Every structure is written in C-alpha cells, then in structure tokens.
Amino acid sequence: MATNDSDAVYLFERTELERQRLNQQHALLVRLCHDHLLHPSIPRAQIKRIADVGTGTGIWLQQASRSLNTAATADSEAPPLACVGFDISDAHFPSTPRENMTFVKHDMLKPFPQEYHGTFDLVHLRLMVLALKKEQITTAAENAAALLKPGGYVQWSEVEPAKLEFTPTTPAITTARAAMRANSVAKGLATTPSVDIRAALEALSFTDLTVEDYSSAGRDEFTVPAREWTKAGARAGLRVALARSGQDGGQETADTLLDDYVRDIDAGVVPTLPLAMVVGRKGKDSAA
Ligand SMILES: C[S@@+](CC[C@H](N)C(=O)[O-])C[C@H]1O[C@@H](n2cnc3c(N)ncnc32)[C@H](O)[C@@H]1O
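Okay, structure coming up:
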C-alpha cells in the first residue's frame, strides 16, 4: 500500500515473499558481478563508513560490511566499519542488526539529515529506478552525493530494461513485457537508467565515472537462476503493472497471463539478465 507520493511510484508490495525475493535476487546479482560486492576500482582500504540508500532487507550492506571488516581485522589499528542503511520503508529492516549497523527510515528524494552529510566514504544504491521517475534521478543523486565525503565513492547498479532479452519470445512474454513497459511510461520511469545516472553524477562534477556492464548472456550457469528471477519479478510486479498501465482486465486476466508467462519460461526460454554498475567519485574540492 502506498504511504506517500514517493512510495506511490514503487511497484512491489512489502511482504515476507518480497523479502525472500530481494535476498535471492541479491545472491544472483552478486554472482552476476563475478562476486564483486564492491567494484574492483574502489579502494577497499579507504572505505570506513558506508551508506546503502534504498537498502531493502539490508542484505548487500551486511555482506559488504562483513567482507570489509574481515579485511580490516588484519590491521588491528583499523577502526570498525560503520554502516547505515536508509529506506523509505522499515518493513524489511533486519530485526537484530549487528552493532556496527544502523537502519534509518528516510525518503531519498528528501535531503538526508544534516548529521549524515559529508560523512561516508561509499554510498551504494541498487535497483532503485523502479521507485524513481526519470526526472527524480537527479534529486536522488544530489541527496546521495551530499552523504559523501569529498573524494568518496558512489556505486549505483541497475538492471537495464532495454537490454533484457528472452530467447525465444512468446505472446505471453511479449504481453507481460509490454505491460511492464507501459507501467514505466505511465509512471515516467527511466528506460536507460545507467545513462541517466551517469549524466546526473557528471552534472554533480563526479570524477572517474565508469559504467561496467555485467550480463548473463553466454553464461549457461545463469539460465535457470535467470528464469527464476524473471518469474519472481513477474509474480511480484505484473499485476500492479497491468492495473497501473490501464490494461487491467481484472484478476482473472492477470492470473492467466502470469500462468502463461511462467509456463513459457519453464518450457525453455533463456532470459538475459543485464546489470549496469555506475561507479564515480565525488570531486575532492566539493563542499561536504
Ligand atoms: C527493489 S528494492 C532494492 C533493495 C536493495 N537496494 C537491494 O538491491 O536488494 C527497492 C528498495 O527501495 C526502497 N525505496 C523505494 N522508494 C524509495 C525512496 N523514495 N527512498 C528510499 N527508499 C526507497 C523500497 O522500499 C525498497 O526497499
């Protein structure tokens, strides 16, 4: 259920099933990125404070914290890593976070509380564009940038809808994708997120900007997980997308389309999962 204007754009319900979907999706995406929680260009030794914006269940933050802390324990002088997860909803926050982790309810389209400004070495965002109108990416980037120390890093990863492929495609898959696309158009969402994110960061004078494309294409080990990922995404979002894009033929139509979509995927369709990771650095001379 929508709780405010920002939340009204968001497609997915916050149920136990959605928590499981987010955590399974995390495992898949990390493997897709060759087990890089952090892009290799980010110097791990310099990362002492991390913010994860739109943290969801906090799964990325917890794993990144564990991985960086393991490296830091080799250096007994290193202070413990501090992590803050922000999200517009606290529904999926861990009930017993580790002591170096804090979870804060906050809408990223509003400025973050002053106490967090200029205090982080890394701000991470992932899979946020289904919650953002294209024109809101600039505001989200500005608010995220304000969290960073000068010289701090941003890592923002998104699935690139334009590069999603289904081989072969079927009428049910075409109809379902058209509904998702129509929802994106109706809500004014970005269709090429990495282009918009890169442009927003460039306008904020970020340096060392790179866009790393990861894809499951040609990687046979991803065929089955990518099928499960697309089915879980459709189960979670298709009904709402149909309703929002004015194609709502009622519950029965949505159920039939979903059944056909799942049947076709299971019959041997190979989906390609494309993720773009944008990495950049806040200018050293930027005001904190
Ligand atoms: C698809 S989930 C991704 C979660 C997490 N980043 C991950 O990769 O597992 C998107 C998350 O963004 C949150 N969200 C949506 N709109 C937001 C906003 N305006 N400000 C902060 N978080 C928001 C949702 O509540 C949800 O937890």
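Under the working numbering, the first residue of the sequence shown carries the number 20, and numbering increases by one thereafter.
Backbone N, C-alpha and C define an ideal beta-carbon position, used for all residues, glycine too.
This structure is a prediction, so every number in the text was calculated from the model and none was measured.
In this structure, D232 keeps its C-beta atom at 9 Å or more from the C-beta atom of M147. CA-CA distance, R40 to P244, rounds to 12 Å. Under the three-state reduction of DSSP output, L80 falls in the helix class. Spatial neighbours of T242 in its own chain (CB-CB distance under 6 Å, excluding positions within 5 residues in sequence) are listed in chain order as V289.
Contiguous alpha helix (DSSP H) elements confined to the stretch 199-225 occur at 212-222, taking only those with 4 or more residues.
When DSSP reads this structure, A70 sits in a beta bridge with V103 and V142.
The alpha-carbon separation between P113 and L208 amounts to approximately 29 Å. When rounded, the separation of the alpha-carbon atoms in I61 and G137 is 18 Å. Measuring C-alpha to C-alpha distances from D71 to each of R38, L144 and E37 identifies L144 as the nearest.
Taking 8 Å as the cut-off, one finds no heavy atom of ligand 1 near enough to the beta carbon of F122.
With fewer than 16 neighbouring CB atoms inside 10 Å of its own CB, P187 falls in the exposed class. Between the beta-carbon of S234 and that of P190 there is about 25 Å, and that puts the pair past the 8 Å contact cut. K67 sits close to A101, with the two beta carbons spaced by under 9 Å.
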